[in-house]
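*Asks:* The structure's right below; bear with me while I get my questions together.
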Amino acid sequence: AQKITQTQPGMFVQEKEAVTLDCTYDTSDQSYGLFWYKQPSSGEMIFLIYQGSYDEQNATEGRYSLNFQKARKSANLVISASQLGDSAMYFCAMREHVVNTGNQFYFGTGTSLTVIP
Amino acid sequence: SQTIHQWPATLVQPVGSPLSLECTVEGTSNPNLYWYRQAAGRGLQLLFYSVGIGQISSEVPQNLSASRPQDRQFILSSKKLLLSDSGFYLCAWTGRGSDTQYFGPGTRLTVL
Numbered sequence: 015a016q017k018i019t020q021t022q023p024g025m026f027v028q029e030k031e032a033v034t035l036d037c038t039y040d041t042s043d044q045s046y047g048l049f050w051y052k053q054p055s056s057g058e059m060i061f062l063i064y065q066g067s068y069d070e071q072n073a074t075e076g077r078y079s080l081n082f083q084k085a086r087k088s089a090n091l092v093i094s095a096s097q098l099g100d101s102a103m104y105f106c107a108m109r110e111h112v113v114n115t116g117n118q119f120y121f122g123t124g125t126s127l128t129v130i131p
Numbered sequence: 411s412q413t414i415h416q417w418p419a420t421l422v423q424p425v426g427s428p429l430s431l432e433c434t435v436e437g438t439s440n441p442n443l444y445w446y447r448q449a450a451g452r453g454l455q456l457l458f459y460s461v462g463i464g465q466i467s468s469e470v471p472q473n474l475s476a477s478r479p480q481d482r483q484f485i486l487s488s489k490k491l492l493l494s495d496s497g498f499y500l501c502a503w504t505g506r507g508s509d510t511q512y513f514g515p516g517t518r519l520t521v522l
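If you read the sequences in order, they're chains R and L.
Okay, so the first sequence: first residue is 15 according to the numbering used here, each after it adds one.
Okay, so the second sequence: first residue is 411 according to the numbering used here, each after it adds one.
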């Protein structure tokens, strides 16, 4: 089974509107971490936001928030007030701890977001 | 503050030629280091990770190898490149006890 599933290959949003990018994950660990990264056309992976599995509050970083629903195993990214510079690929990722090998990271296939002026 | 460097930024190599990509991290000690490959329009595939000097774990069988000769240096190598080695190679690090991976700027490799 896929560890990270992003079901939206492409999304469009009007400038200044909010958009939600979906992410579901699969783990049997009690302790894990969830991440979102932005990859513009330049290729660099930019860390956006982190949510620990024990965090009760949804993580927020400026215009980014992570809608964490533990029972549903979802970790959707919400971008508020979209800007043209938000156009990029967005990747959801998860950190699990594997005995004897340490932390393992898994990435989804990404969602391409286009912000329309 | 911590910084991660990768070079070269772009590389075009013929099939059968050797490869050496370098990644260095500044501003931290004992990082965990990772090499990923991203094929065009795809997600990230973990190739190697290292928890210390000389300690390398490989995730997939392949034409590539990795080495960590110094604490903050991670090298990706190949003796003979294949066409399928083309892609975008990203190096990443995490601090001890930290969850978050930070990525370098990447190397775009084209094998012709």
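Don't be surprised by glycine CBs; every beta carbon is placed ideally from N, CA and C.
Would GLY99 (chain R) count as contacting chain L if we go by Cβ distances under 7 Å?
*Replies:* No, no contact with chain L.
*Asks:* For ILE154 (chain R) and MET103 (chain R), I'd like the C-alpha separation in whole angstroms.
*Replies:* Absent from the structure is residue 154 (chain R), since the part of chain R shown begins at 15 and ends at 131.
*Asks:* Tell me whether SER487 (chain L) is buried or exposed, calling it buried when 16 or more other Cβ atoms sit within 10 Å of its Cβ.
*Replies:* Flag for SER487 (chain L) reads exposed.
*Asks:* If you measure beta-carbon to beta-carbon, which residues of the stretch 20-38 of chain R are closer than 8 Å to chain L?
*Replies:* Per Cβ criterion, the list is empty.
*Asks:* Using the three-state DSSP reduction, which class does SER460 (chain L) fall into: helix, strand or coil?
*Replies:* Of the three classes helix, strand and coil, the one that applies to SER460 (chain L) here is strand, per DSSP.
*Asks:* Tell me the residue span of the beta strand (DSSP E) that contains MET103 (chain R).
*Replies:* Counting along the chain, the beta strand (DSSP E) containing MET103 (chain R) begins and ends at 102-112.
*Asks:* Measure from the alpha carbon of ASN72 (chain R) to the alpha carbon of each residue in R:SER55, R:LEU127, R:THR128, R:PHE49, then state which is nearest.
*Replies:* ASN72 (chain R) has its Cα closest to that of R:PHE49, out of R:SER55, R:LEU127, R:THR128, R:PHE49.
*Asks:* Roughly how many angstroms separate the alpha carbons of THR74 (chain R) and LYS490 (chain L), rounded to a whole number?
*Replies:* THR74 (chain R) and LYS490 (chain L): Cα-Cα distance of roughly 46 Å.
*Asks:* Measuring alpha carbon to alpha carbon, tell me which residue in L:TRP445, L:GLY514, L:ARG518 is nearest PHE498 (chain L).
*Replies:* The shortest Cα separation from PHE498 (chain L) among L:TRP445, L:GLY514, L:ARG518 belongs to L:ARG518.
*Asks:* Tell me the DSSP secondary structure of GLY24 (chain R) in three-state form.
*Replies:* Reduced to three states, the DSSP call for GLY24 (chain R) is strand.
*Asks:* Give me the Cβ distance between ARG109 (chain R) and GLY57 (chain R), rounded to the nearest whole Å; I'm assuming they're in contact under 8 Å.
*Replies:* At roughly 22 Å, the Cβ-Cβ gap does not stay under 8 Å, so ARG109 (chain R) and GLY57 (chain R) are not in contact.
*Asks:* What residues of chain R sit near GLN412 (chain L), judged by a beta carbon separation below 9 Å?
*Replies:* Going along chain R, no residue has its Cβ under 9 Å from GLN412 (chain L), so there is no contact; the nearest lies around 12 Å.
*Asks:* What does GLU58 (chain R) reach in chain L if we use C-beta pairs closer than 7 Å?
*Replies:* By Cβ distance, chain L contributes PHE513, PRO515, GLY516.
*Asks:* Have a look at L:GLY516, L:SER508, L:GLU432 and flag the residue whose alpha-carbon is nearest the alpha-carbon of ASN442 (chain L).
*Replies:* Measuring from the Cα of ASN442 (chain L), the nearest candidate turns out to be L:SER508.
*Asks:* Across the stretch 448-468 of chain L and the stretch 416-426 of chain L, are there enough close Cβ pairs to call them in contact, namely three or more that are closer than 8 Å?
*Replies:* The stretch 448-468 of chain L is not in contact with the stretch 416-426 of chain L.
*Asks:* Is it the case that the stretch 468-486 of chain L contacts the stretch 428-443 of chain L, given that we only count it when at least three CB pairs across the two stretches are under 8 Å?
*Replies:* Verdict: yes, contact present.
*Asks:* Give the residues of chain L in contact with ASN117 (chain R), contact being defined as C-beta atoms less than 8 Å apart.
*Replies:* By Cβ distance, chain L contributes ASN442, THR504, ASP509.
*Asks:* So, are the CB atoms of ALA85 (chain R) and CYS37 (chain R) less than 7 Å apart?
*Replies:* No, they are not a contact pair.
*Asks:* Please look up how many angstroms separate the CB atoms of LYS17 (chain R) and TYR120 (chain R), rounded, as I've assumed it's under 8 Å.
*Replies:* Yes, LYS17 (chain R) and TYR120 (chain R) are in contact; Cβ-Cβ is about 4 Å, under 8 Å.
*Asks:* Would you report the Cα separation of GLY24 (chain R) and CYS106 (chain R), rounded to the nearest angstrom?
*Replies:* For GLY24 (chain R) and CYS106 (chain R), the distance between alpha carbons rounds to 14 Å.
*Asks:* Look at the alpha carbon of ILE466 (chain L) and the alpha carbon of GLN423 (chain L), and state the distance between them as a whole number of angstroms.
*Replies:* Approximately 25 Å between the Cα atoms of the pair.
*Asks:* By the criterion of Cβ-Cβ separation under 9 Å, what are the contact partners of TYR68 (chain R) in chain L?
*Replies:* Per Cβ cutoff of 9 Å: no residues; TYR68 (chain R) is ~12 Å from chain L at best.
*Asks:* Apart from the five residues just before and just after GLN13 (chain R), which ones in its own chain have a Cβ nearer than 6 Å to its Cβ?
*Replies:* Nothing can be reported for residue 13 (chain R), as the shown portion of chain R is limited to 15 through 131.
*Asks:* Could you tell me whether the Cβ atoms of PHE26 (chain R) and THR128 (chain R) are closer together than 7 Å?
*Replies:* Yes, they are a contact pair.
*Asks:* Mapping the DSSP letters down to three states, classify LEU493 (chain L) as helix, strand or coil.
*Replies:* Residue state, collapsed to three classes: helix.
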